[in-house]
Amino acid sequence: MFDRFTDRAKKTMSLARQEAMQLGHEYIAPEHMLLGLLFTDGVGVTVLRNLGVEPDALRVAVLGATPKGASQITMGQLPFTPPAKRVLESALEESRRFHHDYLGTEHLLLGLARTEGTIAAQALATAQLTLETLREKILEFVGDVPGEPTQAPDSSKVRALLISNSTMHGGGYLEHCAATIRDFLGAKKNVLFVPYALADHDGYAAKARAAFAALGHQLVSVHTFQQRAMAAMAVSAADAVFIGGGNTFRLLKDLYDRSLLEPIRRRCLAGMPYIGSSAGTNVATLSIRTTNDMPIVQPTSFQALQLVPFQINPHYLDPDPSSKHMGETREERLRQFHEEHATPVLGLREGCMLRVEGTRAELLGTTPARLFQRGQEPREFTPPCDLSFLLQSTTA
Ligand code: ASP
Numbered sequence: 019m020f021d022r023f024t025d026r027a028k029k030t031m032s033l034a035r036q037e038a039m040q041l042g043h044e045y046i047a048p049e050h051m052l053l054g055l056l057f058t059d060g061v062g063v064t065v066l067r068n069l070g071v072e073p074d075a076l077r078v079a080v081l082g083a084t085p086k087g088a089s090q091i092t093m094g095q096l097p098f099t100p101p102a103k104r105v106l107e108s109a110l111e112e113s114r115r116f117h118h119d120y121l122g123t124e125h126l127l128l129g130l131a132r133t134e135g136t137i138a139a140q141a142l143a144t145a146q147l148t149l150e151t152l153r154e155k156i157l158e159f160v161g162d163v164p165g166e167p168t169q170a171p172d173s174s175k176v177r178a179l180l181i182s183n184s185t186m187h188g189g190g191y192l193e194h195c196a197a198t199i200r201d202f203l204g205a206k207k208n209v210l211f212v213p214y215a216l217a218d219h220d221g222y223a224a225k226a227r228a229a230f231a232a233l234g235h236q237l238v239s240v241h242t243f244q245q246r247a248m249a250a251m252a253v254s255a256a257d258a259v260f261i262g263g264g265n266t267f268r269l270l271k272d273l274y275d276r277s278l279l280e281p282i283r284r285r286c287l288a289g290m291p292y293i294g295s296s297a298g299t300n301v302a303t304l305s306i307r308t309t310n311d312m313p314i315v316q317p318t319s320f321q322a323l324q325l326v327p328f329q330i331n332p333h334y335l336d337p338d339p340s341s342k343h344m345g346e347t348r349e350e351r352l353r354q355f356h357e358e359h360a361t362p363v364l365g366l367r368e369g370c371m372l373r374v375e376g377t378r379a380e381l382l383g384t385t386p387a388r389l390f391q392r393g394q395e396p397r398e399f400t401p402p403c404d405l406s407f408l409l410q411s412t413t414a
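Numbering (our numbering), first residue to last: 19 to 414.
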């Protein structure tokens, strides 16, 4: 359990132990955990402040309600009381409920609020911090900004083929990139297909199955595994994954709702080949903030698989100089993205794709790509060309 803890959550737990010792207690109870949390500069405390509660005031309330003990222990481990164990279990449940792959101070705070009949829960309730209020604020906060970061993932094994579009005007499904897919996948593979960007899962799977069969690969669609556990096992058993295009919001929502994001991410970070086209390319990046799609549904977060440390805009479209259309051009929309974020965005025109092999990234296909970086003029890259420098991007 503790391996999921963020550094700040670990700090809260170590401060809880110190608080217990200072109060002369031989055990760690929820009140010690809350006291520790109030001294940890993390999402938990930020959320409290956003709700108008000053950590110091809460600290005074908790200390006032906690009788002092007589223990002189100053070293070694202290056992958790049964309610403290329940807080940890509830915190883990809350982390899963948010589809987070880490346990942060925000989840500990929810665990404390959920474990009724304790001094900590009483203090939170007195400050009007109900479970629902806290969950809502936390969702607002970590829904848009990734929560407390765990360590930066090691992406040195990532193998990904990120295709702008599945079909070229006048061509067949995956026809323009068939040779690259063949080369990328190598010998016969069992490919797991993710059809959730489109509503007709059966129809979409049949189309993808035919295209991969023509390339000599066997394809099974994840939607045929109804139970979550079976779907997760299918991810573990696959040799490669292919995520097809469609609506990016719907795709990411389903990946979250079906608890598939983490298992896929974990396997891809360990080297399982990933193929994405269009929406499937969007979800391989840091977030889906640079998709062209409409938010027809609301995913838990915009945070995506994060297999590469930058954004992609698929189907990138140049402005038409003769157009009388007054809406923003794609370039203007991407400039607006850079008014809010500093992450580079690679505009992949129809017909091009990016192949990532560990620390190398190569632009392939028949059309140039356009790179947008905050505060810089956009740059053009013609395939084949090396774009490995993008893998060094720092996120913002
Ligand atoms: N709707 C696109 C797709 O074909 C994704 C996008 O344009 O962002 O998957």
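Glycine included, C-beta positions come from ideal geometry on N, C-alpha and C.
- Remark: C-beta atoms of T308 and V363 approach each other more closely than 8 Å.
- Separation of the CB atoms of I46 and F98 is rounded to 5 Å, and the pair is thereby assigned contact status at 8 Å.
- Setting aside the 5 residues that flank it on each side, M19 is surrounded in the same chain by L106, L110 and L121, each with a C-beta closer than 8 Å to its C-beta; the list follows chain order.
- P332 sits in a strand when the DSSP states are folded into three classes.
- Given a length threshold of 3 residues, each whole run of the beta strand (DSSP E) inside the region 273-322 is given here in chain order: 292-295.
- Within the region 188-251, the complete beta strand (DSSP E) runs of at least 3 residues fall at 208-212 and 236-239.
- I261 is bridged by DSSP to V212 and G294.
- Taking each of F320, R284 and L180 in turn and checking the Cα distance to L382, the smallest one comes out for L180.
- Checking the DSSP bridge columns, you'll see M371 partnered with I181 and L382.
- A direct Cα-to-Cα measurement between L269 and R132 gives close to 32 Å.
- Less than 8 Å separates the beta-carbon of A34 from that of L53.
- For R348, the closest alpha carbon among the candidates R283, G365, T385 and S182 is that of G365.
- At least one heavy atom of the ligand ASP sits closer than 7 Å to the Cβ of T266.
- When the five nearest sequence neighbours on each side are left out, the beta carbons in the same chain lying within less than 7 Å of the beta carbon of L203 are those of H235, A258 and P291, in order along the chain.
- Of the residues assessed, A360 falls on the exposed side of the cut-off, its CB having fewer than 16 other CB atoms within 10 angstroms.
- About 7 Å separates the beta carbons of V209 and A256, which is inside the 8 Å limit, making them a contact pair.
- When the alpha-carbon of E380 is set against those of P396, A88 and T400, the nearest one is in T400.
- Inclusion of A229 and Y274 in the CB contact set at 8 Å is not warranted, their separation being larger than that value.
- F399 carries a strand assignment under DSSP once its states are collapsed to helix, strand and coil.
- Distances between the C-beta of D272 and the heavy atoms of the ligand ASP are all 7 Å or more.
- C-alpha of L233 to C-alpha of S319: approximately 35 Å in a straight line.
- DSSP, read as helix, strand or coil, puts F407 in helix.
- Contact annotation: the region 66-84 touches the region 144-156, with at least three C-beta pairs closer than 8 Å.
- Distance between T384 and L130, taken at the CA atoms: about 56 Å.
- In this structure, the ligand ASP has no non-hydrogen atom nearer than 7 Å to the beta-carbon of H219.
- With fewer than 16 other CB atoms across the displayed protein chains lying within 10 angstroms of its CB, R246 is exposed.
- No Cβ-Cβ contact shorter than 8 Å links L126 with A38.
- At a Cβ-Cβ threshold of 8 Å, V253 and R285 count as neighbours.
- Secondary structure note for A102: its alpha helix (DSSP H) is the uninterrupted segment P100 to R115.
- K342 sits exposed, since fewer than 16 C-beta atoms from the chains shown fall within 10 Å of its C-beta.
- Less than 8 Å divides the Cβ of T84 from the Cβ of L41.
- In this structure, DSSP gives I91 a state outside helix and strand, which the three-state scheme calls coil.
- Taken from the Cβ of H194, every heavy atom of the ligand ASP lies 7 Å or farther away.
- Out of D59, H43 and L149, the CA that lies nearest to the CA of T24 is found in D59.
- DSSP, reduced to helix, strand and coil, places V176 outside both helices and strands of the structure shown, so it counts as coil.
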